[in-house]
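K.L.:
Protein chains in written order, with the working numbering: chain A, 1 to 265; chain B, 1001 to 1515; chain C, 2001 to 2312.
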Amino acid sequence: MTRLPVKKTYKLYIGGGFSRSESGRTYEAEGQNVARASRKDARDAVRAARGAQTKWASATAYNRGQVLYRLAEMVEARVAEFAELCSGRDEVERSIDRIVWYAGWADKLPQVLGGSNPVAGPYFNFTVPEPTGVVAVLAPDEPPLLGLVTRVLPPLVGGNAVVAVASEARPLAAIELAEGLATSDVPGGVVNLLTGRHAELAPVLTSHMDVNAIDIGGANGDASELERLAADNVKRVVHGRADVQSPWEIAAFLELKTVWHPMGQ
Amino acid sequence: MGGGLGDRALRSPHAFLRDKSGARVAELDKTHSEVGVPGDWTYASAPESRDIVHIRDRYGYYVGGEWLEPAETYETIAPRDEEPLAAIGQATPEDVGRAVVAAREAFADGWSSLPGSERAKYLFRIARILQERSREFAVLESLNGGKPIKESRDVDLPLAAAHFFYYAGWADKLEYAFPNRRPRPVGVAGQIIPWNFPLLMLAWKIAPALACGNTVVLKPAETTPLTALLFCDVLRQAELPAGVVNIVTGDGRTGVALVEHEDVDKIAFTGSTDVGKAIQRQVAGTGKKLTLELGGKAANIVFDDAALDQAVEGIVNGIYFNQGHVCCAGSRLFVQESIYEPLVAKLERRLATLRIGDPLDKNTDVGAINSAAQLEKIRELVASGVEEGAEIYQPPCILPEKGYWFVPTVFTNVAQSYRIAQEEIFGPVLSVLTFRTPEEAVEKANNTPYGLSAGVWTEKGSRILWMAQQLRAGVVWANTYNRFDPGSPFGGYKESGFGREGGRHGLEPYLEFDE
Amino acid sequence: MAQAPALPAGFELPLEARLPRIGAVDAVALEERAASLAKRSIKRDAKVWALLLAIRTTDLTTLEGADTPGKVAAVASKARRPDPADPSLPSCAAVCVYPNLVPAVRERVAGTSVKVAAVATGFPSGQYPTAIKVADVRATVELGADEIDMVIDRGAFLSGRYAKVYDEIVQVKEACGDAHLKVILETGELGTYDNVRRATLLSIAAGADFVKTSTGKISPAATLPVALCMLEAIRDVYEETGRRVGFKAAGGIRQAKQAVQHLVLVHETLGPAWLTPELYRLGASSLLNDILMQLRKERTGAYQSGDYFTLD
Chain A
1 MTRLPVKKTY KLYIGGGFSR SESGRTYEAE GQNVARASRK DARDAVRAAR GAQTKWASAT
61 AYNRGQVLYR LAEMVEARVA EFAELCSGRD EVERSIDRIV WYAGWADKLP QVLGGSNPVA
121 GPYFNFTVPE PTGVVAVLAP DEPPLLGLVT RVLPPLVGGN AVVAVASEAR PLAAIELAEG
181 LATSDVPGGV VNLLTGRHAE LAPVLTSHMD VNAIDIGGAN GDASELERLA ADNVKRVVHG
241 RADVQSPWEI AAFLELKTVW HPMGQ
Chain B
1001 MGGGLGDRAL RSPHAFLRDK SGARVAELDK THSEVGVPGD WTYASAPESR DIVHIRDRYG
1061 YYVGGEWLEP AETYETIAPR DEEPLAAIGQ ATPEDVGRAV VAAREAFADG WSSLPGSERA
1121 KYLFRIARIL QERSREFAVL ESLNGGKPIK ESRDVDLPLA AAHFFYYAGW ADKLEYAFPN
1181 RRPRPVGVAG QIIPWNFPLL MLAWKIAPAL ACGNTVVLKP AETTPLTALL FCDVLRQAEL
1241 PAGVVNIVTG DGRTGVALVE HEDVDKIAFT GSTDVGKAIQ RQVAGTGKKL TLELGGKAAN
1301 IVFDDAALDQ AVEGIVNGIY FNQGHVCCAG SRLFVQESIY EPLVAKLERR LATLRIGDPL
1361 DKNTDVGAIN SAAQLEKIRE LVASGVEEGA EIYQPPCILP EKGYWFVPTV FTNVAQSYRI
1421 AQEEIFGPVL SVLTFRTPEE AVEKANNTPY GLSAGVWTEK GSRILWMAQQ LRAGVVWANT
1481 YNRFDPGSPF GGYKESGFGR EGGRHGLEPY LEFDE
Chain C
2001 MAQAPALPAG FELPLEARLP RIGAVDAVAL EERAASLAKR SIKRDAKVWA LLLAIRTTDL
2061 TTLEGADTPG KVAAVASKAR RPDPADPSLP SCAAVCVYPN LVPAVRERVA GTSVKVAAVA
2121 TGFPSGQYPT AIKVADVRAT VELGADEIDM VIDRGAFLSG RYAKVYDEIV QVKEACGDAH
2181 LKVILETGEL GTYDNVRRAT LLSIAAGADF VKTSTGKISP AATLPVALCM LEAIRDVYEE
2241 TGRRVGFKAA GGIRQAKQAV QHLVLVHETL GPAWLTPELY RLGASSLLND ILMQLRKERT
2301 GAYQSGDYFT LD
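#1: With distances taken between CB atoms, is the gap from B/Ala1108 to B/Gly1064 smaller than 8 Å?
#2: When you compare the CB of B/Ala1026 with every CB in chain A, is at least one pair closer than 8 Å?
#3: For a contact defined as C-beta to C-beta under 7 Å, what are the partners of A/Pro118 on chain C?
#4: Please state whether DSSP places C/Phe2247 in a helix, a strand or coil.
#5: Please confirm whether A/Pro122 has its beta-carbon closer than 8 Å to some beta-carbon of chain C.
#6: Name the one or two DSSP bridge partners that B/Thr1409 has.
#7: Since B/Gly1314 meets chain C, which of its residues come closer than 7 Å, beta carbon to beta carbon?
#8: Under 8 Å, Cβ to Cβ, is there at least one residue of chain D near C/Asp2153?
#9: Kindly list the residues whose CB is nearer than 8 Å to the CB of A/Arg50, restricted to its own chain and excluding five residues on each side of it in sequence; keep chain order.
#10: Any C-beta of chain C within less than 7 Å: which residues of the stretch 1041-1053 of chain B qualify?
#11: Please classify B/Thr1227: does DSSP put it in a helix, a strand, or coil?
#12: Against chain A, with Cβ distances strictly below 8 Å, would C/Thr2192 count as a contact?
#13: Please say whether C/Gly2023 and B/Leu1308 have beta carbons closer to each other than 8 Å?
#14: Give me the DSSP bridge partner(s) of C/Cys2096.
#15: Does the distance from the CB of C/Ala2250 to the CB of C/Lys2212 come in under 8 Å?
#16: Given 8 Å as the limit, is there contact between the stretch 1108-1123 of chain B and the stretch 1299-1313 of chain B, that is, 3 or more CB pairs closer than that?
#17: Would you mind giving the Cβ-Cβ distance between B/Gly1427 and B/Gln1323, rounded to the nearest angstrom? I have them listed as a contact below 8 Å.
#18: Give the secondary structure of A/Asp269 by DSSP, where H, G and I count as helix, E and B as strand, and everything else as coil.
#19: So, is the C-beta of C/Asp2026 closer than 8 Å to a C-beta in chain A?
#20: What do you reckon, are the CB atoms on C/Ile2204 and C/Val2245 nearer than 8 Å?
#21: Closer than 6 Å by C-beta to B/Asp1514: which residues in its own chain qualify, once you throw out the five before and the five after it? Chain order, please.
#22: Flag A/Ala231 as yes if its beta-carbon sits less than 8 Å from any beta-carbon of chain B, otherwise no.
#23: As a quick exercise: from B/Tyr1418, B/Tyr1059 and B/Pro1084, pick the residue whose alpha carbon is nearest that of B/Ala1071.
#24: Using the beta-carbon count (16 or more within 10 Å), is A/Tyr10 buried or exposed?
#25: Please name the residue in A/Glu93, A/Glu255 and A/Gly88 whose C-alpha comes closest to that of A/Val128.
#26: Could you list which residues in chain A have their beta carbon closer than 7 Å to that of B/Pro1509, in chain order?
#27: Given this structure, state the Cα-to-Cα distance separating A/Ser167 from A/Gln66, to the nearest angstrom.
#28: Could you tell me the distance, in whole angstroms, from the CA atom of C/Arg2040 to the CA atom of B/Asp1081?
#29: Measure the beta-carbon distance from C/Leu2282 to C/His2267 and round it to whole angstroms, keeping in mind my assumption that it falls under 8 Å.
#30: Please confirm if C/Trp2274 has its CB atom under 8 Å from at least one CB of chain B.
#31: Tell me the DSSP secondary structure of B/Trp1041 in three-state form.
#32: Which residues, in order along the stretch 1486-1512 of chain B, keep a beta-carbon less than 9 Å from a beta-carbon of chain A?
#33: Can you tell me where the alpha helix (DSSP H) with C/Gln2127 in it begins and where it stops?
#34: Locate the alpha helix (DSSP H) running through A/Tyr62, then write down its first and last residues.
#35: Hey, B/Gly1190 and B/Val1259: beta-carbon distance below 8 Å or not?
#36: Is there contact between the stretch 51-65 of chain A and the stretch 184-192 of chain A, where contact requires at least three CB pairs shorter than 8 Å?
Written out as structure tokens, the structure is:
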């Protein structure tokens, strides 16, 4: 007689904890019942992200790099599980390598993106990149794991806190990643993962006044309405591609701060 | 030998000084009146001659290197005395369309494929001509905009020329600006600029756009079109190919037509946050690139160890420079409570020495308010400050009878919740608030939807760097304020907009990348 | 003699509520402010007014080892009547010389408003024992000086022995009796504006009637930012205590235009009350002729030649 396996309850990942949707709703995806996040869940996720962002941003760049490298370690340890939830081992390995690649950027960004500026006067003037704040990400449907990693890591490594909505059709890899996050050293609230309907969650996040930037690369259908909503608080709108790797992807979620100081005796 | 100054001063806390001074002052006053010295030294007026500028009666649009005749015009005036200066075209969507076509043709016909080194030389030419004709431009800027001639002469014009010089040098070095990316121009840029620094904002917009190989349709502000129109003559002298830069004038309707035009690839806007949001909505779904440089409500934070007299200069420069018509103006002054009284006393005394009057007088510190509408807005907000319970200080001064004027104003006893502490006034009005600790200063400074700029005044190095890190603003001036340079990126956080102008970063909005 | 102790750290803090805070000076902003005031455009009547004031506030100076009674008498005559061709012009405020030459000047300016000022206290270095400096002052006053221009001990100041500087000024002030005391900081040797401000306040606290920038023997001397820095300290003292301290800019002011810039600085920093010889002085020698040429140019409309103005 074969043993009946214990099935997992697929929950949302908000503020470092796993919870069902406050609405009690689920939807069926990949043969499982997955939490269908509500407006309020999205709000809670943004609140958790805001609460965690300052501390994440003020961690040393070296520390952020190590924490993200640790995340790669956690995913590596679950390669088999992840492989079943996406296109296979290759996608998982590429995702791991991408996390490692971005982890290494944490302590190099200011050198590549910032610098000192020669101004015509007795002033020292320098420009540094800083996180824009809370970033919402609509992850692309495909590839389910690599697409999510590709979109979440750039804002994350720059010091932002992220609220990501997983692939609507294939959310299980995202939930698996949440479990990896929970066991890594990424502080609770720095990454929040929602599952549910993009059409329902995207307008909530796009119009949320406490979200500073939104990546609508994974929005299904016409994004113009989302872009319109984003204007309410002058959100930075990014159309992220599902498979790209570049420091300029990070730069899209950074602000540049320029500081002046006189030089005198 | 013992004691030293400490003991001595404590033993006789200035009884010596005060006794002595009482007698001397009385004696001095006597001598003073006997000699018969005039009571005050009134500077004779030192007007800059306006003869250097020739203003035409009527201006059309500069499109494809030609002047297009407008169907409808409005009058542009001098805010110092409401003198009508010229009839200005109110461009229709069709006019804007012609300008975009001209820009597209110039883009396709060679400008975008011209070697960067050649584009650079056009920009260098423009910079030189601006320097050569700077006095003419400065006078026109002050006449049409109301800003003091010493500012247009010493700030606007040198910086405008410097911007063209700076970006000229980038034109043939773009591949070094963005490692591992292959830059190419975006196409036709639609640029809408404000009335506070008309020519300087034009330079901020046009210089990087051209350096990157784009062509431009620029709309100057409704109230201050004249220097942009005179700039067309610089383009003629520089022999810039026709259509590379096109200027259309008009009010907000013209701006809407430009933003909505299908063949515009990029919109760059500097102006109010409300209009910026409207533009962001208009552009939604079109794929146009967008940069916004919007409003601000900057905190200028003074700690008790600051160099006070220089801080006062910085405060004055921060809010009364250009009549406070500055998006990054230090309009919220946060003073550490321990120096509140001496600082406010110094500030108010300094205010009384500001010379308000004719923008063309070389000794004028504060000029005319740009327009009747802006004056009305300032008055309304100032009235709200009085009504909400803030204490108002305005130095005594005589304002000219004609024109638009507002006395430099300081509000004390201001609460965070008052409108004057929250809304951008865009006028010579300062709100003074207090704080006790650095943390409190940061919290209050950041407690706003804006994030354009901030100021910090302290002699303590580590605190400067900590404050600079904590403040959510795109520009932080430490122990200085309102400094600008073409090499220094400028732009906001949050609702103050996105994108940077100036520096290497200022190229990015005008480039696409083949990665 | 035991070294005077450096002041305790408390010197940095307000000694009591009415003493102005020592505070700091930001060099870049100070220089920018001075430069912006230098751009004031002073024309026509306002310019003539300023030039006349410049004459009235000038301490016409000669401080040479080669000075003789004959030389200083000539300078004194020039101070009395700067331009023999124009008797309507006012006299200078004072003639400033070395102590030995005080009697010769005294004799020439007797019965006029022109004061006799003399440098003392081991001018220009000040590197002498305090007792000798005090004796120097007493002797100079006895010779008939109305005003004493002393130098502070920069060596003591720069090594942090502020109390020694302070005590010396107090003793000199006492030795001055009724003579007015101008305290020379020699700002060109102080290195920073912070030091200039500190030395200004120290001198005022010790009893200076005037604070003065320089000896004229060191460059830079009376630059506009240095003057502004000292004027701001004087203003702080006035606001805190009500006491008006005079200011003398000396050294390097050779052109009428510079003099006007200095007067603008005073006007906009301390106000019209300080625009009087009782509270403001310009220490100069060749400046006077440049002013005279400017005034005649204003009157006649023609640019002038030095040949038409006496050297002294």
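All residues carry an ideal CB built from backbone N, CA and C; glycine is no exception.
P.N.:
Taking the geometry as given:
#1: No, Cβ-Cβ distance for B/Ala1108 and B/Gly1064 is not below 8 Å.
#2: The pLDDT assigned to B/Ala1026 is 33, lower than 50, so where the model puts this residue is not dependable; a value taken from the coordinates is nonetheless given after this. Not one chain A Cβ lies under 8 Å of B/Ala1026.
#3: Close to A/Pro118, with beta-carbon spacing below 7 Å, lies no residue of chain C; the smallest spacing is near 16 Å.
#4: Looking at C/Phe2247 - three-state DSSP - the assignment turns out to be strand.
#5: So yes, A/Pro122 belongs to the interface.
#6: B/Val1429, per the DSSP bridge assignment.
#7: For B/Gly1314, the C-beta contacts it makes with chain C under 7 Å involve Ala2029, in order along the chain.
#8: Absent from the structure is chain D; the protein chains it does hold are A, B and C.
#9: Answer for A/Arg50: Gly133, Val134, Ala161 and Asp210, listed in chain order.
#10: Result list: Trp1041, Thr1042, Tyr1043, Ala1044 and Ala1046.
#11: The DSSP-derived three-state label of B/Thr1227 is helix.
#12: Answer yes: the Cβ-Cβ gap between C/Thr2192 and chain A drops below 8 Å somewhere.
#13: Yes.
#14: In the DSSP output, where bridge partners are listed per residue, C/Cys2096 has C/Thr2061 and C/Ala2117.
#15: In terms of Cβ geometry, C/Ala2250 and C/Lys2212 form a close pair [threshold 8 Å].
#16: Flag = no, the stretch 1108-1123 of chain B and the stretch 1299-1313 of chain B do not touch.
#17: Right, the Cβ-Cβ distance comes to about 6 Å (below 8 Å), so this counts as a contact.
#18: Only positions 1 to 265 of chain A appear in this structure, which leaves residue 269 of chain A out of reach.
#19: Chain A has a Cβ within less than 8 Å of the Cβ of C/Asp2026.
#20: For the 8 Å CB-CB criterion, C/Ile2204 and C/Val2245 form a contact.
#21: Taken in chain order, the residues that qualify are Arg1182.
#22: Under the Cβ distance rule, A/Ala231 counts among the residues neighbouring chain B, one pair being separated by less than 8 Å.
#23: Measuring from the Cα of B/Ala1071, the nearest candidate turns out to be B/Tyr1059.
#24: So A/Tyr10 ends up on the buried side.
#25: Selected option, being the one with the closest Cα: A/Glu255.
#26: Per Cβ cutoff of 7 Å: no residues; B/Pro1509 is ~12 Å from chain A at best.
#27: Spanning the two alpha carbons is a distance of roughly 27 Å.
#28: One C-alpha to the other measures close to 23 Å.
#29: The Cβ separation is near 14 Å, so there is no contact.
#30: At least 8 Å separates the CB of C/Trp2274 from every CB of chain B.
#31: Of the three classes helix, strand and coil, the one that applies to B/Trp1041 here is coil, per DSSP.
#32: Residues are counted here when their Cβ sits less than 9 Å from a Cβ of chain A; for the stretch 1486-1512 of chain B these are Pro1486, Gly1487, Ser1488, Pro1489, Phe1490, Gly1491, Gly1492, Tyr1493, Lys1494, Glu1495, Ser1496, Gly1497, Phe1498, Arg1500, Gly1502, Gly1503, Arg1504, His1505 and Glu1508, given in chain order.
#33: The continuous stretches of alpha helix (DSSP H) do not include C/Gln2127, and DSSP gives it neither H nor E.
#34: Segment Ala61 to Glu76, the alpha helix (DSSP H) holding A/Tyr62.
#35: The answer is yes: Cβ separation under 8 Å.
#36: A contact between stretches requires three or more CB pairs, one per stretch, nearer than 8 Å, and the stretch 51-65 of chain A meets this requirement with the stretch 184-192 of chain A.
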